[in-house]
Amino acid sequence: MSLRFVIGTLVALAASQQVMADESLWDTMQKTAAAARELNYQGLFVYHNGAIIRSVQITHIYENGREFTRNVVLDGRPREVFSEGDDIVIFNAKNDKIVIEKRRGQNLFPAMLPTQLSSLKQNYTLKFVGQARIAGRPAQVIDMIPNDNLRYQYRVWSDSEYGLLLKMSMMDMQGHTLEQIGFNQVSLLQTRNLDWFQPKIDASKPYVMDDTTDLTHVDDNLIVPNLPAGYKKIDQIRLRVPGRTAPVEQVIFSDGLASVSLFVEPVIKGMQPRVGKKTMGSTNVYANVLNGYQLVVVGEVPAQTVEQIAQQVSFKK
Amino acid sequence: MKQQLSALIDGEADVERCEHVFLAAKSTGEVAQAWRDYHVIRDVMRDECWTQSDFTRRVMARLEDEPVIFAPSVASFPQKVVSSSPRFSKYTWSIAASIAAAFFVGMFVLHQPVAVDTAAQIADNDSETDQYVVAHHNYAPNSATYYIQDVAFNAGE
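Those protein sequences? They're chains C and B, same order as listed. Numbering-wise (UniProt numbering), the first sequence opens with residue 1 and increments by one. Numbering-wise (UniProt numbering), the second sequence opens with residue 1 and increments by one.
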């Protein structure tokens, strides 16, 4: 009887592996994208990139359709990141003061996957790798393999029970890990109390707002006609940079996961235009000059992708 | 409470009172409201900022038209004026970086529509380029590096 049970279990396991075909893997990804936003949890995660390691304490509550998150960066300079939905406010200790910065809509860990997976489906193929244990939790390991060489490969560890993203890593074409972020410890919360949703105040320091960015959407005569396959323009903002007479335009592109920024500013007297490329860990930079404008493209994508975007920029007549 | 919060954000309130402000927000269930207040306040401040920088720009335009008699370059004027505003002085696009970049020689080609030499490498210590990277990490989504941008790229500030 027990032998029959064992055999039955093995057959069921083999079958379950088979069923882990494309569609059900995408279902797992969909669950992973939703879980990070809809579950209540608290934990400690670590971010690795090259020699950089940062521990972050996270608390996340989903209440009445709104998400509240607090991230406290535990290493290096004190930094607290609060978000409610797409609105993000950062309390950033800088020397003798605390700078309050505002951001919007970033997919912060563990909510790294977009809820709309359609663009990812076009650009990546999923492959089931196996089971693993992360932060004391059982996880399914799934690779997101790019369909071309215009983006990096990702590996996702998704909680087998709750679907929460437990860990994610980014790899180059050769399979070297470029960047990794994952929980060391995580637990679900029963409470809906929001008393943790406040910064730790340092009474000895002044608090100042950072005012250098205009986050309103702008549009101008800048066009990038042939973006690398799968990339779409998702935003355009204007940065007011101290010491510059003209604002810097920042156009943001994404394939649903990777993101690339294009910066455009007029080359003015006294400014040294730059031309060339640079690799900083997983980040690639490509600079060029076009019609008296400095173009700089930056992204966590292969060098080829930033170069291709830079070379496509033109100005409408 | 709202007044206190806005005063806090303006840097006018006694920071000793911050704790009180946030506790008040919590105990009265006003967290979400306080949150929206940040943004309203922020929007107002942004407008002020715009006016201010526009004014600066016009002043600078006038200065540029003035004959330059002594050796200091025209480009150094904006640095002086802007640095008088302490609010900006520590931001990532630091003035120091702009000045440092001005000393950069080598692969940079001035005022020429260039055919890019794809082999050209931007120097590792090009702080100006780092500012673009920081801005990318600040404002583009899906950037985990966002947690560390401050320390990683502005460590020497």
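In this text, a Cβ means the ideal position worked out from N, Cα and C, and glycines have one as well.
| said: Is Leu150/C close to chain B? Criterion is C-beta to C-beta, closer than 9 Å. | reply: no
| task | Just confirm the distance between the C-beta atoms of Val289/C and Pro273/C, as a whole number of angstroms; I'd bet it's less than 8 Å. | result | 5 Å
| message | Under 9 Å, Cβ to Cβ, is there at least one residue of chain B near Gly65/C? | response | no
| Can you tell which of Ala303/C, Ala258/C and Ala310/C has the C-alpha that lies nearest to the C-alpha of Ala137/B? | Per the sequence shown, the amino acid found at residue 137/B is His instead of Ala. Residue Ala258/C is the option with its Cα nearest to His137/B.
| field | As assigned by DSSP and simplified to three states, the class of Arg133/C | value | strand
| For chain B, is any of its Cβ atoms less than 9 Å away from the one on Arg103/C? | yes
| said: Am I right that Thr69/C and Ser83/C are in contact with their C-beta atoms under 8 Å? What's the rounded C-beta distance? | reply: 5 Å
| message | On the DSSP letters alone, give me the boundaries of the beta strand (DSSP E) that Arg79/C sits inside. | response | Arg79 to Glu84
| query | Less than 9 Å separating the beta-carbons of Asn221/C and Lys316/C? | reply | yes
| field | Secondary structure of Ile309/C, DSSP reduced to three states | value | helix
| field | Buried/exposed call for Asp255/C, threshold 16 Cβ in 10 Å | value | buried
| What is the DSSP secondary structure of Val133/B, counted as helix, strand or coil? | helix
| query | If we cut at 9 Å on Cβ distances, does Ser158/C have a partner in chain B? | reply | no
| said: Going by DSSP in three states, Arg244/C sits in which element: helix, strand or coil? | reply: coil
| query | Contact check, Pro228/C vs Ile309/C under 8 Å by CB: the rounded distance? | reply | 7 Å
| Listed by chain order, chain B residues near Met280/C by CB distance under 7 Å | Val133
| query | Who are the near neighbours of Val275/C in its chain, counting only those whose CB is closer than 8 Å to its CB and skipping five residues on each side? | reply | Ala287, Asn288 and Val289
| task | Confirm, please, whether the CB-CB distance from Gly230/C to Arg151/C is below 9 Å. | result | yes
| task | Answer yes or no: does any C-beta atom of chain B fall closer than 9 Å to that of Lys277/C? | result | yes
| Can you name the start and end residues of the beta strand (DSSP E) that Thr32/C belongs to? | Careful: Thr32/C lies outside any beta strand (DSSP E), inside the alpha helix (DSSP H) at Asp22 to Glu38.
| query | Can a CB atom of chain B be found closer than 9 Å to the CB of Val298/C? | reply | yes
| If Glu85/C sits next to Glu101/C, beta carbons under 8 Å apart, how far is it from one beta carbon to the other, in whole angstroms? | The sequence given here has Gly at residue 85/C, not Glu. Not really, about 17 Å apart at Cβ, beyond 8 Å.
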